[in-house]
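J.: Below you will find the structure I want to go over with you.
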Amino acid sequence: MAEYNHQIIESKWQEYWQKNNSYKVENDISMPKYYVLDMFPYPSGAGLHVGHPLGYIASDIFSRYKRLKGFNVLHPMGFDAFGLPAEQYAIETGQHPAITTKNNIETFKGQLAKIGFSFDWSREVNTSKPEFYKWTQWIFMQLFNAWFDKNEGKAKSILELKIIFERSGNTNITAACDENTPLFSADEWKVLSAEEQEKVLLKYRLTYPSGALVNWCPALGTVLANDEIKDGFSERGGYPVERKKMKQWMMRTTAYADRLLENLNNIDWSESLKEMQRNWIGKSFGCELDFTVVGKSITLTAFTTRPDTIFGVTYVVLAPEHELIGELVTPEQQELVTAYVNTTKNRSERDRMSDVKTVSGVFTGSYVVNPLSGEEVQLWIADYVLAGYGTGVVMAVPSSDDRDYRFAQHFDLPIRCIIEGTESMENPTEKKDGKLINSDFLNGLYGEKIAGKGTGEATWAAIKKAEELGVGTQKVNYKMRDAVFSRQRYWGEPVPVYFKNDIPYLLKEEDLPHELPKIDEYKPTETGEPPLGRAKDWKYEGKYPYELTTMPGWAGSSWYFLRYMDAQNDKEFVSKEAADYWGDVDLYIGGTEHAVGHLLYSRFWNNVLCDMGFISHQEPFKKLVNQGMIQGRSNFIYKVKTENKFISFGKKDDYDVTEMHCDVNLVHSDVLDIESFKKWRPEFKDADFILEDGKYICGSIVEKMSKRWFNVVNPDDVIKKYGADTLRMYEMFLGPLEASKPWNTDGIEGVAKFLRRTWNLFFNNEDKFVVSDAEPTKEELKVLHQTIKKVAYDIENLSFNTSVAAFMVCTNELYKLKCNKKAILTPLLIILSPFAPHITEELWKQLGHNESITKATFPKFDEAYLKEDSVEYPVSVNGKVRAKMAFSVDAPKEEIEAAVLEAEVVQKWLQGKAPKKIIVVPKRIVNVVV
RNA sequence: GCCGGGAUGGUGGAAUUGGUAGACACGCAAGACUUAAAAUCUUGUGCCCCUUGGGGCGUGCGGGUUCAAGUCCCGCUCCUGGUACCA
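Quick note on numbering that gives the first Met the number 0: the first sequence kicks off at 0 and runs consecutively.
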């Protein structure tokens, strides 16, 4: 019997595709390009579960569709292979992470192959291979050799900067650089020694070493970026993180803050994702104001977004970490302050965060002068002021800021209302904008945040005055900090740098790749150096020490998408021609977990590489779609506490039971397969069951897919039972790509049935492959063209669930019409092939085609077939449909109106009266208004 | 707290952007085939009233605009994602 046997078909075509390199892509500039990219996976030991391929299936369908539409489609896959799990495993077992990684990649590739993806494996990348990380190191060198010219808003070569320094010092440039860079003239520059010059240049380079405060995770033995920390714990592993001052490589991401923000307006990403990046960059406009300390020659500069509220300032607050605290505390307050600062220091990041409602602080004993009013106010220390944002000094306006208000109330500090109408209010901070009062020269002006909808007239007036008096300057502030680029780990790209007299120098380009040395153990050294400190005979020219940290996980992933364009090139990271041809990624599909990390850093690198002329697009990802998470659906069984007896869901309340997770693979539609269950664990072999309606019903819950909850579904099992084509279509049919949904196989039979029907369209009752050469009827052509139209429209809009539905309608129609005509089935197979490549390839072959269906052309849709002779109009009276009447397609409006008025049903509702209005809408509706 | 996204049958979800709500699928029910079951096929399936013909009500809740509202406007409720002493 010629039954649809997915196992035979799928292995046959997978082999064929591999043998014939069916999906190899050339950089063929004569063809229009289309670049479809998936976020490449970290090859974990656990392999794929059904959630992983969701985005890959979508991108694969889209790629196959674009190919049929005549595009040269780049659709590559690779592995983000540096990472913690392989290293942790190495620490425990001594096995080199490269081996673990290689094995895991094998598993992944095997699983991916079974789903029938059209990846061009000849372009595979692996970030942990020297051939790849050679170029990651090379890009690091370009960053080291670049500085950012703020005037022109772009990165330039450091050689150019040297020439400028020699000619005119640094007084005429505006560059992104270390805040404490002093001004110098050309003469002053020239007298500096080469080493001193190097030190100055480090303040300008786009990557530089710094002794900044970092997030140190003792358990992992490494530093972490802000986005690798959640609530004071490491994202991986959940270990506590503390602040520590360490020498680190940094990326001068802040130089690009404005560009990264601005460019968001030009790319097609979801609003929520752009918003996350905007918040992360956190641009705010305001000014810095100088508060001089009474009796001391110290000036404290505070950043504020509301300089218009300056006359409401009743005290000033310092962060507990502020450097000048020592000089600012009066002797009588010393003890209290020391105690307070120590308590804050000992509080973990997490405590400080979970405890935002508690007000704490201490008076320094000093007073500062309000620069615009001349008033003397108290200077306090409080941990609600963060050292890392702004200047670490806040001018407190308790009448219009909630935290300042709480603080002032708690410590009984004065509160002065400066917004009209707030004097009589219980809590003046409830009205933050309005006409200013008690504010000297600002009285009567409208006070508001300048980023708001108004003009910010009061803000501008206050800034102007402060600038005139020389006590303040307009200032833009960012939340975003420069990114920490060092990790004290082994399994990452070595930084291609050596040190001479503590000054970093790049290795020579020809020494790349700067390979990871062999080491005996993957742990830090006894002296606390990173694992690379264990490497023997690893010194630059036998003299100078190498940098011992490695690059973070996001280094390789910040540019891998460029490597795919020219993956085999051993002369360049990507040739200019390949980069120009493939340009940017047209469609990028991946999870939302990389919203700020990977997606921000890759934008940064890409922008820099563009400025330096290596590539031609500032932004790497034109359109980005976040696929939803596939959650697990766990099942529960209910065991009687004292017996080996299980109670069905509906009866469990009558017994004293314990809820237990049960392997979802033993449950179908919440009904437990008791025989399989007994075999699951030896202790259940003789268990008793209390059933309902003869079945054991399980409870269920939606939660993360995890081995722990026995709710992991392996795609291999689904493929074995139903086939890859069914899995592909079912994952798409489950719902919109962007929605999160629980995995649930309840509906998979429907999709499987659909593919069997498709198969059966080509086989007659005797199971013989039969297609007819007869001319298709009008009706059949209509079904076909409806499907072409709908499916093409839906794929373009990434609405895969509705396109699957369109196929089902089509197949059902053709089935009813008993249509086996070649003229209909041939185009149908082509439009179906992106979804179900194996079965369509097989049937295509049966139809007698020599070339693979992937080389076919997507059929053209012809509106003419959809035109109808007559149109059925619903006729409604006062909005309610009362009748349906058919008219010829080109019937004039008047004719329709007249016929409707004569119709009995309508007359009944009109009761002889004339209608007020008749509306005939071309979209097929007639509404009579009484 | 702030910023996104959302709420439609027993279930997952459609609705060409203001034009016959519930496509498609699951589930359920009835029937055909079968000794029986599975598979397959056919039919029905938003809720309520009615013997039928038919009628009424329906897209989280309350208002509004419109000949016409799931869709637009105003005011709530609940869910979900992100984010947070950011001055």
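In this text, a Cβ means the ideal position worked out from N, Cα and C, and glycines have one as well.
None of these values were measured; they are calculated from a predicted model.
Mind reading off the beta-carbon distance from leucine 371 to alanine 465? Whole number of angstroms is fine, and I expect it under 8 Å.
T.: Sequence index remark: in the first sequence, residue 371 carries index 372 (1-based). Sequence index remark: in the first sequence, residue 465 carries index 466 (1-based). About 6 Å separates the two Cβ atoms, so the contact holds.
J.: Taking 9 Å as the cut-off, decide whether the C-beta atoms of glycine 44 and threonine 92 are in contact.
T.: Indexing the first sequence from 1 puts residue 44 at position 45. Indexing the first sequence from 1 puts residue 92 at position 93. In this structure, threonine 92 does not lie closer than 9 Å to glycine 44 by Cβ.
J.: Specify the secondary structure class of glycine 911 as computed by DSSP and reduced to three states.
T.: For the purposes of this step, residue 911 is taken as residue 912 along the first sequence, with counting starting at 1. Three-state result, glycine 911: coil.
J.: Measure the Cβ-Cβ separation of serine 699 and serine 633 and say whether it is below 9 Å.
T.: Numbered from 1 along the first sequence, position 700 holds the residue referred to as residue 699. Numbered from 1 along the first sequence, position 634 holds the residue referred to as residue 633. Their beta carbons are under 9 Å apart, which means serine 699 touches serine 633 by this criterion.
J.: Cβ of leucine 36 within 9 Å of Cβ of tyrosine 587?
T.: Position 37 of the first sequence, counted from the start, is the residue given in the question as residue 36. Position 588 of the first sequence, counted from the start, is the residue given in the question as residue 587. Closer than 9 Å, so yes.
J.: So, with DSSP's three-state summary, where would you put methionine 0?
T.: Residue mapping note: residue 0 aligns to position 1 of the first sequence, counting from 1. Reliability of the predicted coordinates at methionine 0 is poor, the pLDDT of 37 falling under 50, and no value is obtained from them.
J.: Counting Cβ pairs, one atom from each stretch, are 3 or more of them under 8 Å apart for the stretch 76-84 and the stretch 737-751?
T.: No, the stretch 76-84 is not in contact with the stretch 737-751.
J.: Excluding the 5 residues preceding and the 5 following asparagine 171 in the sequence, name in chain order all residues of the same chain whose CB lies nearer than 8 Å to its CB.
T.: As a first step, residue 171 must be located in the first sequence, where it is residue number 172. Cβ within range, chain order: Ile163.
J.: Could you tell me if tryptophan 379 is buried or exposed, where buried requires 16 or more neighbouring beta carbons within 10 angstroms of its beta carbon?
T.: Here residue 379 corresponds to residue number 380 of the first sequence, with the count starting at 1. Buried is the call here.
J.: Rounded C-beta distance between valine 750 and phenylalanine 732? I'm assuming under 8 Å.
T.: Stepping through the first sequence from its first residue, residue 750 is reached at position 751. Stepping through the first sequence from its first residue, residue 732 is reached at position 733. With a Cβ gap of about 6 Å, valine 750 and phenylalanine 732 count as contacting.
J.: May I have a chain-ordered list of the beta strand (DSSP E) segments no shorter than 3 residues that lie completely inside the stretch 434-518?
T.: DSSP runs (the beta strand (DSSP E)) wholly in the stretch 434-518: 471-476, 496-499, 502-505.
J.: Helix, strand or coil for serine 365? Go by DSSP, reduced to three states.
T.: Within the first sequence, the letter at position 366 stands for residue 365. The answer is strand: DSSP assigns serine 365 an E or B state.
J.: Just how far apart, CA to CA, sit lysine 522 and isoleucine 90?
T.: Here residue 522 refers to the residue found at position 523 of the first sequence. Here residue 90 refers to the residue found at position 91 of the first sequence. The alpha-carbon atoms of lysine 522 and isoleucine 90 are separated by roughly 7 Å.
J.: May I have the straight-line CA-CA distance separating isoleucine 895 from phenylalanine 886, to the nearest angstrom?
T.: Counting from one through the first sequence, the residue named residue 895 turns up at place 896. Counting from one through the first sequence, the residue named residue 886 turns up at place 887. For isoleucine 895 and phenylalanine 886, the distance between alpha carbons rounds to 7 Å.
J.: Along the beta strand (DSSP E) that carries glutamate 658, what are the first and last residues, could you check?
T.: Here residue 658 corresponds to residue number 659 of the first sequence, with the count starting at 1. That run of the beta strand (DSSP E) goes 656-661.
J.: Please go through the same chain and pick out, in chain order, the residues whose beta-carbon is closer than 6 Å to the beta-carbon of tyrosine 952, but skip the five residues on each side of it.
T.: With the chain covering 0 to 929 only, the question about residue 952 has no answer from this structure.
J.: Using only CA atoms, which one of Leu754, Thr337, Thr810, Phe139 lies nearest to histidine 513?
T.: What you label residue 513 is simply residue 514 of the first sequence in a count that begins at 1. Looking at the Cα atoms, Phe139 is the closest of the given residues.
J.: Helix, strand or coil for glutamine 408, going by three-state DSSP, please let me know.
T.: Along the first sequence, read from residue 1 onward, the residue named residue 408 stands at position 409. Helix at glutamine 408.
J.: What would DSSP say about isoleucine 895, mapped onto helix, strand or coil?
T.: As a working mapping, residue 895 is identified with position 896 in the first sequence. Helix at isoleucine 895.
J.: Give me the residue from Glu778, Met807, Lys815, His409 with the minimum Cα distance to alanine 822.
T.: In the first sequence, the residue the question calls residue 822 occupies position 823. Minimum Cα distance to alanine 822 is reached at Glu778.
J.: When you compare only the Cα positions, how much space is there between lysine 916 and valine 876?
T.: Within the first sequence, the letter at position 917 stands for residue 916. Within the first sequence, the letter at position 877 stands for residue 876. In a straight line, the C-alpha of lysine 916 is about 10 Å away from that of valine 876.
J.: Would you report the Cα separation of valine 361 and valine 328, rounded to the nearest angstrom?
T.: Position 362 of the first sequence, counted from the first residue, corresponds to residue 361. Position 329 of the first sequence, counted from the first residue, corresponds to residue 328. Whole-angstrom Cα-Cα distance: 10 Å.
J.: Going by DSSP, what residues sit across from alanine 882 in a beta bridge?
T.: Locating residue 882 in the first sequence gives position 883, counting from the first residue. Answer by DSSP bridge pairing, in chain order: Val874.
J.: Decide if the stretch 615-627 is in contact with the stretch 575-583; the criterion is three or more beta carbon pairs, one per stretch, under 8 Å apart.
T.: Touching, yes, given that three or more Cβ pairs across the two stretches are closer than 8 Å.
J.: Since isoleucine 917 sits in a beta bridge, which residues does DSSP pair it with?
T.: If you number the first sequence from 1, residue 917 lands on position 918. In the DSSP output, where bridge partners are listed per residue, isoleucine 917 has Val927.
J.: In chain order, what residues of the same chain have a beta carbon less than 8 Å from the beta carbon of glycine 210, not counting five sequence neighbours either side?
T.: Counting from 1 along the first sequence, the entry for residue 210 is found at position 211. So the list reads Lys244, Met245, Lys246, Gln247, once near-sequence residues are dropped.
J.: Out of Lys859, Asp382, Asn759, state which residue places its alpha-carbon closest to the alpha-carbon of lysine 817.
T.: Counting from 1 along the first sequence, the entry for residue 817 is found at position 818. Lysine 817 has its Cα closest to that of Asn759, out of Lys859, Asp382, Asn759.
J.: Please report how far the alpha carbon of glutamine 910 lies from the alpha carbon of proline 891, in whole angstroms.
T.: Taking the first residue of the first sequence as 1, we reach residue 910 at position 911. Taking the first residue of the first sequence as 1, we reach residue 891 at position 892. Looking at the two C-alpha atoms, the distance is approximately 26 Å.
J.: Count Cβ pairs between the stretch 107-122 and the stretch 49-64 that sit closer than 8 Å; are there 3 or more?
T.: A contact exists between the stretch 107-122 and the stretch 49-64.
J.: According to DSSP, what are the bridge partners of isoleucine 689?
T.: Taking the first residue of the first sequence as 1, we reach residue 689 at position 690. Beta-bridge pairing links isoleucine 689 to Ile646.
J.: Consult DSSP for alanine 174 and reduce its assignment to one of helix, strand or coil.
T.: Residue 174 sits at position 175 when you count from the first residue of the first sequence. Alanine 174 falls in the strand class under three-state DSSP.
J.: Is it right to say arginine 923 is buried, meaning 16 or more other beta carbons lie within 10 angstroms of its own, or is it exposed?
T.: The residue labelled residue 923 in the question sits at position 924 within the first sequence. It is exposed - the Cβ of arginine 923 has fewer than 16 other Cβ atoms within 10 Å.
J.: Taking the alpha-carbon of leucine 900 as reference, which of Ala174, Phe310, Ile918 has the nearest alpha-carbon?
T.: Here residue 900 is taken as the residue at index 901 of the first sequence, counted from 1. Closest option to leucine 900, Cα to Cα, is Ile918.
J.: When burial is assigned at 16 or more other CB atoms within 10 Å of the CB, is asparagine 811 buried or exposed?
T.: Counted from its first residue, the first sequence places residue 811 at position 812. The residue in question, asparagine 811, is exposed, as its Cβ has fewer than 16 Cβ neighbours within 10 Å.
J.: Would you report the Cα separation of methionine 0 and leucine 754, rounded to the nearest angstrom?
T.: Numbered from its first residue, the first sequence carries residue 0 at position 1. Numbered from its first residue, the first sequence carries residue 754 at position 755. In this prediction, methionine 0 scores a pLDDT of 37, lower than 50, which makes its location untrustworthy; the coordinate-derived value is nonetheless stated afterwards. If I take the Cα positions, the gap works out to 17 Å.
J.: Would you give the residue range spanned by the alpha helix (DSSP H) that aspartate 724 belongs to?
T.: Within the first sequence, residue 724 is the residue found at index 725, counting from 1. Its alpha helix (DSSP H) spans residues 723-732.
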